[in-house]
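Input: a single structure, listed below in structure tokens.
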Amino acid sequence: MIQKLLPLAIVSVLFTSCAQDSLTGDTYSRSEAGQAQAVRTGRVTSIRYVKIEGGNTAGSVLGGVAGGVLGNQIGGGSGRTAATVGGAALGMVAGSHIEKGVNSRQGIEIQVKLDQGGTISVVQEVNPRESFSVGDRVRVLISGGRDRVTH
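Under the working numbering, the first residue of the sequence shown is numbered 2, with each subsequent residue one higher.
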């Protein structure tokens with residue numbers, strides 16, 4: 002029974018974990034819509050492309066379960082127990098690496114010298130609809146834990 006349900010569980014969790022929220026400067030969640038944001042203006046002083054890594058929890062859990070189930074099919078007695086534990090451990094490592102690779106995104110670190118003084122650095126997902134260059138005038142939108150840089 003569990004061997005029949007395992008593929009369905011793995012597929013459903015992978016689809017859920019792949020459906021990440023966008024981290025671009027022009028994307029808002031439903032709960033962020035209609036909320037006031039503080040706006041600061043400034044000039045871009047530095048740009049650096051970075052990698053935003055995806056999570057690895059769901060991949061580890063699913064990989065561990067799948068590896069444990071597959072390992073349990075091998076041998077008998079204490080050999081089966083060792084194969085189950087080993088399969089679960091290998092599955093966790095493999096699942097973690099797969100999920101990180103699938104969910105990683107290209108990011109951009111934008112450093113802004115603010116007009117009212119100080120410097121701020123924001124990392125956000127690269128947006129093909131909006132590019133930044135050193136010297137650009139930008140707005141920094143500050144909203145309860147998620148800041149954005151936009152033109």
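Idealized CB from N, CA, C, for every residue including glycine.
Under DSSP, residue 107 shares a beta bridge with 52. With respect to residue 141, residue 121 sits close: the two C-beta atoms are nearer than 8 Å. In its chain, beyond the 5 residues on either side, 24, 105, 106, 107, 108, 124, 126 have a beta carbon closer than 8 Å to the beta carbon of residue 53. The three-state secondary structure of residue 39, taken from DSSP, is strand. If you ignore the 5 residues before and after residue 115, its C-beta comes within less than 8 Å of the C-beta of 41, 42, 43, 121, 141, all in its own chain and listed in chain order. The beta carbon of residue 49 sits closer than 7 Å to those of 110, all from its chain and outside the five residues before and after it, given in chain order. With a contact defined as Cβ atoms closer than 8 Å, residue 38 and residue 144 qualify at about 4 Å. In the DSSP assignment, residue 149 falls within the beta strand (DSSP E) that extends over 149 to 151. Between the alpha carbons of residue 87 and residue 150 lies a gap of roughly 46 Å.
In the DSSP assignment, residue 120 forms a beta bridge with 114.
Shortest Cα-Cα distance from residue 51 to any of 117, 112, 146 involves 112. Residue state for residue 139 is assigned as strand, using DSSP reduced to three classes. Look at residue 45 here: in three-state DSSP terms it is strand. The beta carbon of residue 46 lies closer than 6 Å to those of 112, 114 in the same chain, with the five residues before and after it left out. In terms of CA proximity to residue 130, 152 leads the group 118, 138, 152.
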